[in-house]
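Counting from 1, position 70 in the sequence shown corresponds to residue 55 in the numbering used here; the numbering is continuous, with no gaps. Heads up, the beta-carbon is just placed ideally off N, CA and C, and yes, glycines get one too.
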Amino acid sequence: MNTLTDDQLDRYARHIVLKEIGGAGQAQLLAAHVTVVGAGGIGCPLIQYLAGAGVGSIRVIDDDVVDLSNLQRQTLFGESDVGIPKAEAAMHAVARLNPDVKLIPIIQRLDADNAASLLRHSDVVIDGCDNFTTRLIVSDAATRLRIPLVSAAVGQFEGQLSVYRGWEPEQPCYRCLVGEDPARAEASCAEQGVLGALTGVLGSLAALEAIRALVPFGEDSAGKLLIADLLSLRFRTLNIPTDPACPACSESALAEEECPA
Ligand SMILES: [Zn+2]
-14 MNTLTDDQLD RYARHIVLKE IGGAGQAQLL AAHVTVVGAG GIGCPLIQYL AGAGVGSIRV
46 IDDDVVDLSN LQRQTLFGES DVGIPKAEAA MHAVARLNPD VKLIPIIQRL DADNAASLLR
106 HSDVVIDGCD NFTTRLIVSD AATRLRIPLV SAAVGQFEGQ LSVYRGWEPE QPCYRCLVGE
166 DPARAEASCA EQGVLGALTG VLGSLAALEA IRALVPFGED SAGKLLIADL LSLRFRTLNI
226 PTDPACPACS ESALAEEECP A
């Protein structure tokens, strides 16, 4: 167990005073390795709060560069970052925020071939990517690797957040929620628009759930889906049913795929 320095006792005082976290929980956060898929509207506040919380190692996978149209919601970046890879700009921002935190930029597109190697050895994976195909790949890999997954998505005025540990009996995975549908169209933010502050809400909630997954507090959130409707300031939470025939998380699917840790 890490011993906290005087500076760390000061920096994390508001966490340490929480009985649910305390010094031991803060040391766990400092020792944690998380992976963030996507440094966009959700990724930016997410990375900010993870870095503020002292989550020791944050791997950020994103192959995109900062564009002027991102600055309406991607709060880690400034105008001088335009044209720079997002993962790299995020690394510079986190270096300013907290020297305890190491951000490892991975300027690659996550796909079915590299998913397992990019996500392996994470304590939690947080998906804030912008497309359905990548979400399914991330979920299937996290389930096989038995890594908790926090998944957040936004569009226009609506956001969704869910937490998965699909390898556990009775627990659904993302694929249980959305099914197979390869033709499922997910309109991009560029096409349909998104209110900037909404991405802040969902990104912050994703950070909170990642911290809960690292240092459990309160009620377990796995298997639940939060739907935030910000046209009407309405939040709902549903239980996600487990699909017993799910090709990713059913007992038979997990038995087929032995994945070395
Ligand atoms: Zn499933």
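Task: C-beta atoms of serine 124 and lysine 209 nearer than 8 Å - done: no
Task: Near ligand 1: proline 226 beta-carbon under 7 Å from a heavy atom - done: no
Open item on the list: At the level of alpha carbons, what is the spacing between alanine 246 and alanine 126?
Closed with: Low confidence applies here, because alanine 246 scores a pLDDT of 48, under 50, leaving its location unreliable and the question unanswered by this model.
TODO: Answer with buried or exposed for threonine -12, where buried requires no fewer than 16 other C-beta atoms within 10 angstroms of its C-beta.
DONE: exposed
Task: Cα-Cα separation, serine 237 to leucine 211 - done: 29 Å
- [ ] Check whether the Cβ of arginine 160 lies closer than 7 Å to any heavy atom of ligand 1, and answer yes or no.
- [x] yes
- [ ] Name the residue from Val21, Gly41, Leu31 whose alpha carbon lies nearest to the alpha carbon of glutamine 11.
- [x] Gly41
- [ ] List the DSSP bridge partners of histidine 106.
- [x] DSSP output for histidine 106 lists no bridge partner at all.
Task: The beta strand (DSSP E) enclosing tyrosine -3, as first and last residue numbers - done: Unbroken run through tyrosine -3: none, as it is neither H nor E.
- [ ] Counting only runs of 3+ residues fully inside the segment 96 to 152, write out the beta strand (DSSP E) ranges in chain order.
- [x] 109 to 112, 134 to 140, 143 to 149
Task: Whole-angstrom distance between threonine 119 and aspartate 96, CA atom to CA atom - done: 7 Å
Task: Length at least 3, wholly inside the segment 17 to 48: the beta strand (DSSP E) runs in chain order - done: 18 to 22, 42 to 46
- [ ] Measure the alpha-carbon distance for proline 84 versus proline 133 and round it to whole angstroms.
- [x] 26 Å
Open item on the list: Any heavy atom of ligand 1 closer than 7 Å to the beta-carbon of proline 157?
Closed with: yes
Open item on the list: Can you tell me which residues form a DSSP beta bridge with valine 179?
Closed with: Gln141
TODO: Please list, in chain order, all residues of the same chain as glutamine 156 whose beta carbon is under 8 Å from its beta carbon, the five residues on each side excluded.
DONE: Tyr149, Arg150, Ala207, Gly208, Thr227, Cys234
TODO: Determine the burial state of histidine 106: buried for a count of at least 16 other Cβ atoms within 10 Å of its Cβ, exposed for fewer.
DONE: exposed
Open item on the list: For leucine 35, tell me which candidate among Leu61, Ser54, Leu56, Asp49 has the shortest Cα-Cα distance.
Closed with: Leu61
Open item on the list: So if DSSP puts isoleucine 91 in a beta bridge, which residue, or which two residues, is it bridged to?
Closed with: Ile46
TODO: Measure the alpha-carbon distance for cysteine 231 versus alanine 100 and round it to whole angstroms.
DONE: 20 Å
Task: Per-residue DSSP class, three states only, for leucine 61 - done: coil
TODO: Verify the contact flag: cysteine 231, CB atom, against every heavy atom of ligand 1, threshold strictly below 7 Å.
DONE: yes
Task: Beta-carbon gap between aspartate 112 and valine 19 smaller than 8 Å - done: no
Task: Spatially closest choice to arginine 219 from Glu165, Val186, Asp115, by CA coordinates - done: Val186
Open item on the list: Along the chain, where does the alpha helix (DSSP H) containing threonine 82 start, and where does it finish?
Closed with: One point to set straight first is that residue 82 is leucine, not threonine, in the sequence displayed. Leucine 82 -> alpha helix (DSSP H) spans 71 to 82.
Task: Alpha carbon of aspartate 52 to alpha carbon of valine 179, nearest angstrom - done: 16 Å
Task: Distance, leucine 130 Cα to glutamate 153 Cα - done: 12 Å
Task: Same chain only: Cβ atoms within 7 Å of alanine 195, ignoring 5 sequence neighbours per side - done: Val19, Leu35, Val109, Ile111, Val135
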